[in-house]
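Listed in order, the protein sequences are those of chains A and B.
Using the numbering used here, the first residue of the first sequence is number 210, and each one after it goes up by one.
Using the numbering used here, the first residue of the second sequence is number 23, and each one after it goes up by one.
In this text, a Cβ means the ideal position worked out from N, Cα and C, and glycines have one as well.
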Amino acid sequence: MIGAALALLGLWVLLAAVWLAVWPFFRAERAAPDADEVELRDLRIEKERLLGEIHELELDWETGKLSDEDYRALEARLKGRAIEVMREIDVREAAALERRSRAGRRKRQDTKAGDEARRVG
Amino acid sequence: MSVYALGPLALWIGLALALYGAVVGHLGGIRKDARMADAAVGAVFGVSACVALAYTLLTAAFVTDQFQFSYVASNASRAMPVWYKAAAVWGGMEGSMLLWALILAGYSTAAMLALRHRQPFLVPHAAGTLLAIMSFFLIVLVFSSQPFVRLGFLPVDGQGLNPLLQNHWMAAHPPSLYLGYVGWSVPFAFAIGALISGRLGPEWITAMRKWSLFPFMFLTIGNLMGSHWAYIELGWGGFWGWDPVENSAIMPWFVAAAFVHSIMIQEKKGMLKLWNVALVTATFALTILGTFVTRSGIIESVHAFASTNIGYVFLTFLVIVVAITAGLTWWRADLLKTESHLESFASRESAFLFNNLLLVGIAFAIWWGTFFPFISEALTGQRISVGPPFFNQVNGPLSVALLVTLGVGPVIAWRRTSARSLQRNFLLPTAALVAAGIAAVAIGIRQWYAVSVVAFGAFVLATVVQEMARGTRARMARGENPAAALVRLIGKNRRRYGGYIVHIGVVFVFMGIAGALFVQEKSVRLAPGETTTIGTFEVLYRNTDLEQGPNYVASVANLTVREGDGRPQRIRPERRFYPTGQEQVTTEVAIWSRLFEDFYAIVDAHHPGPGTADLTFIVNPMVLWLWIGGGVMVFGLLVSLSTPRPKARPAAREGMEAERTGAAAG
């Protein structure tokens, strides 16, 4: 009895395994990953990485591994790059915001048009 | 229907899903088809469920003595303790393959859960690659090493597990080593994903940092456990014999160590992209090569499985892996070009480069020595083996050079270091180096390797202490007390200081290795009441007891050991006879482990008539430092692993806000 119950449970596990692999083809289409979004996220990671590097540079300077002159030159270079990345993030975020606003307006207009059509119909 | 009938069925379904997922994953990645990508991720989960079910059933068969299965009957017996029955699942070829598949399933599932949203372009290819690797192991399990083959009759009892493997260290060693081996599938799969998708920037390297440190930690643990098992179970007094299987386990460690250092250069400088792809592929390939060596029987080893044809299946897989990666690398050669160059020779990048060359050089020397018999036989028809002297002579100088880089790396900065700061930073460590070297010679150490380890070990320790002291002082200047400053210094720079802690552990391990140069050994026949001396120890043999274990009979020698006027210590080395199945005799050594030396006793034979015993005593200096060093390395790796990953702080709220505003405005 217990053996049969366990066998049935095992069969369910196998069926679930097959279902996990095929279910995406039975659901509605999902949009492919947005390259802009991914690049924006990578830029944000790059920003965090650069801030971490500036922190490490500071630690190297504090522990006497860098002369004041080298530290200032390298810090200026890293900060310059970080500012570039942050500007790029701002530009892309503004563009993303604009895209979303447009998409939102379009959605609202479509809904309105649909309601209109239903009323007329 | 017996529940065990689901075992082979699960493996078949798993294989079908793995093949399907491998194709769908790569297709989905190429076509940027979200459904296909999701199906591949779903297939990873599905295959994992199938493998977990098969593994659970095989474990249940072992624990409940299902001797109708050939594999269970060959590797377990009724008298074995339950813990060893569960561990016996991986005591033979079939179960070890299934354990490999289970661990791969675990890693693959974890990687998909953690990264499917963060790396949408890499994940479909990574899933496809992980499932292709899984397909290979499932093909082996379905067609060659089938764990659920029935005997056609029901034996009264099984043959039992090889007694040498009935040791808790041996029970834990394969899972640890496999966690180290198999874990490299994930960085390899993401490297393939990066190559196919052309996204060879820092993203895959950043995403794989922890996924490479984690298996590296388990490679460390697995190798240490294997050494510890050899030390306490094989009864020859040593912990490393340059055996081909031992070498196969340590080779990926060296290449992996090179990778965990060189990814930092790619992250910071955009350099070494091609080198990193090569290192991650080499590490993965070496894990497969290790499996090939253990299972092919091409090279004789005390650790090898019985000689089978399965080794050549692994060799074929290895060739395919290397060929595909080489082809993809050639295709993406333009994207693998370096983004910057070394700014100065006196920089941490160049120290890392040098350390990479040494680590890979050591791995290559071990590879050459291990495969030389095979290569010489193929070329000349004569099998010429190289023994420990070759490995010691080649790796001795290389490992000392490696110690030097461990000391140099931390005291120089990324990009460039001025001559003045080099002078300032090397003063104390160099003083420590010279003082330790002179002290070593003064106390009578003459072997160049031991003197070098003491001197350069002191150099490395001095650099780490100096780094921590200066960092702490810098924080104290901001008003923090010393303890808080040290804790916060490490807490805020876990990757860096975790690495330094690992370096301390490496120095301790080197001390343990160097201790092997001063081993003293003595074999004697003693009658009850007789004493003998070795080094500063005096040993009294009292008598031998016959004792019955759960599945063995043991002759246990009662010995009392005393050093000088110190307290006497009772130790009881054994010689065990396992009557079931393989009728094997094993030695269970007794070790009196102390901080600076181990007293190691072996029973070679017991003569019941006169009551005499043939005994071997070994004084092993510094062995404990090997295990302490290993523990420190693992602690350092855990500190490094606990680094929070850089977060992409999204402006999600603003986005949603805009959506709402846009909708309202419309």
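Exercise. Is the stretch 238-246 of chain B touching the stretch 184-193 of chain B in the sense that three or more CB pairs, one from each, lie closer than 8 Å?
Worked result: Taking a contact to require three or more Cβ pairs closer than 8 Å, the stretch 184-193 of chain B and the stretch 238-246 of chain B do not qualify as touching.
Exercise. Is the CB of G323/A under 9 Å away from at least one CB in chain B?
Worked result: No, no contact with chain B.
Exercise. Taking the continuous beta strand (DSSP E) assigned at S545/B, which residues delimit it?
Worked result: Membership of S545/B in the beta strand (DSSP E) is indicated by the continuous run Q542 to L548.
Exercise. Using a Cβ-Cβ distance under 9 Å, would S24/B count as near chain A?
Worked result: By this cut-off, S24/B is an interface position.
Exercise. Cα separation between N447/B and V433/B?
Worked result: One C-alpha to the other measures close to 6 Å.
Exercise. Closest to V315/B by CA distance: which of W389/B, L296/B and F276/B is it?
Worked result: Nearest C-alpha to V315/B among W389/B, L296/B and F276/B: W389/B.
Problem set entry | Those runs of the beta strand (DSSP E) which lie wholly inside the stretch 472-510 of chain B and span at least 3 residues | Those beta strand (DSSP E) runs which fall completely within the stretch 472-510 of chain B and span 3+ residues do not exist here.
For this session: Kindly indicate if chain B contains any beta-carbon less than 9 Å away from that of V247/A.
Result: It does: the Cβ of V247/A has a partner Cβ on chain B nearer than 9 Å.
For this session: Select from the stretch 255-266 of chain A all residues with a C-beta closer than 9 Å to any C-beta belonging to chain B, and list them in chain order.
Result: Cβ contacts with chain B come from E255, K256, E257, R258, L260, G261, E262, H264, E265 and L266.
Exercise. Looking only at its own chain, which residues have a Cβ that is under 6 Å from the Cβ of A146/B, when we skip the five neighbours before and after it?
Worked result: Checking the displayed sequence, the identity of residue 146/B turns out to be Pro instead of Ala. Here the set comprises G47, G50, G51, A59 and A62.
For this session: Can you check the stretch 349-408 of chain B for any alpha helix (DSSP H) of at least 4 residues that lies completely inside it and give the ranges in chain order?
Result: Counting whole runs of 4 or more residues, the stretch 349-408 of chain B contains the alpha helix (DSSP H) stretches 370-402.
Exercise. Within 9 Å (strictly less), CB to CB, does M134/B reach chain A?
Worked result: It does not; no Cβ of chain A falls within 9 Å.
For this session: Mind checking which residues open and close the alpha helix (DSSP H) that includes W647/B?
Result: From DSSP, the alpha helix (DSSP H) with W647/B extends over V645 to L663.
Exercise. Any residues in the stretch 136-148 of chain B with a beta carbon nearer than 7 Å to a beta carbon of chain A? Which ones, in chain order?
Worked result: Within the stretch 136-148 of chain B, the residues whose Cβ lies closer than 7 Å to some Cβ of chain A are P142 and F143, listed in chain order.
Exercise. Measuring CB to CB, does A654/B end up less than 9 Å from I535/B?
Worked result: In the sequence as presented, Ala is not what sits at residue 654/B; that position holds Val. Going by beta carbons, V654/B and I535/B fall outside the 9 Å limit.
For this session: Report the rounded CA-to-CA distance for Y42/B versus L249/A, giving the unit in angstroms.
Result: For Y42/B and L249/A, the gap between their C-alpha atoms comes out near 33 Å.
For this session: On a CA-only basis, which of A101/B, L144/B, G633/B and V73/B is nearest T86/B? Give me that one, please.
Result: Nearest option by C-alpha distance: A101/B.
Problem set entry | Residue interval of the alpha helix (DSSP H) (run including W228/A) | W228/A -> alpha helix (DSSP H) spans I211 to V231.
Problem set entry | Uninterrupted beta strand (DSSP E) stretches inside the stretch 434-459 of chain B (no shorter than 3 residues) | Here no run is fully enclosed.
Exercise. Going by Cα to Cα distance, which pick from A56/B, R598/B, I512/B and A44/B is closest to D626/B?
Worked result: Looking from the CA of D626/B, the closest CA among A56/B, R598/B, I512/B and A44/B belongs to R598/B.
Exercise. Going along chain B in order, which residues have a C-beta closer than 8 Å to the C-beta of V231/A?
Worked result: Residues of chain B passing the Cβ test: A61 and G64.
For this session: Compute the Euclidean distance between the alpha carbons of R20/B and V208/B, then round it to the nearest angstrom.
Result: Not covered by the structure: residue 20/B. The range shown for chain B is 23 to 688.
Problem set entry | Where H139/B falls, given that 16 or more other Cβ within 10 Å makes a residue buried | When all chains shown are included, H139/B counts as exposed.
Problem set entry | Spatially closest choice to G36/B from D55/B, Y77/B, V25/B and K54/B, by CA coordinates | Answer by Cα proximity: Y77/B.
Problem set entry | the stretch 345-362 of chain B contacting the stretch 403-410 of chain B, beta-carbon criterion three pairs below 8 Å | In this structure the stretch 345-362 of chain B does not touch the stretch 403-410 of chain B; the number of beta carbon pairs closer than 8 Å is below three.
For this session: Using 10 angstroms around the beta-carbon of R231/B, count the other beta-carbons present and answer buried if the total reaches 16, otherwise exposed.
Result: R231/B is buried by the Cβ-count criterion.
For this session: Kindly identify the DSSP beta-bridge partner or partners of W275/B.
Result: Beta-bridge partners of W275/B (DSSP): none assigned.
Exercise. Between K288/A and chain B, is there a C-beta pair that is closer than 9 Å?
Worked result: For K288/A, the closest Cβ of chain B is not nearer than 9 Å.
Exercise. Among E610/B, K291/B and S284/B, which has the Cα closest to the Cα of L381/B?
Worked result: Of E610/B, K291/B and S284/B, the residue nearest in Cα terms is S284/B.
Exercise. Cα separation between A385/B and A127/B?
Worked result: Computed Cα separation, rounded: 28 Å.
Exercise. For R236/A and chain B, any beta-carbon pair shorter than 9 Å?
Worked result: At a cut-off of 9 Å, the C-beta of R236/A has a neighbouring C-beta in chain B.
For this session: Spatial neighbours of Y600/B within its chain, please: CB distance less than 6 Å, with the 5 preceding and 5 following residues excluded, ordered by chain position.
Result: Counting only Cβ-Cβ distances below 6 Å, and skipping sequence neighbours, we find P185, Y574 and Q606.
Problem set entry | I650/B versus A461/B - alpha carbon distance | A straight-line Cα-Cα distance of about 23 Å links I650/B and A461/B.
Exercise. Among A56/B, V104/B and W647/B, which has the Cα closest to the Cα of L144/B?
Worked result: Here the closest residue by C-alpha is A56/B.
Problem set entry | Chain-ordered chain A contacts of V433/B [CB-CB under 8 Å] | Within chain A, the residues whose beta carbon sits less than 8 Å from that of V433/B are K274, listed in sequence order.
Exercise. On the premise that N377/B lies in contact with L424/B, defined as a C-beta separation below 8 Å, what is that separation, rounded to the nearest angstrom?
Worked result: For a cut-off of 8 Å, the C-beta gap from L424/B to N377/B is around 7 Å, short enough to register as a contact.
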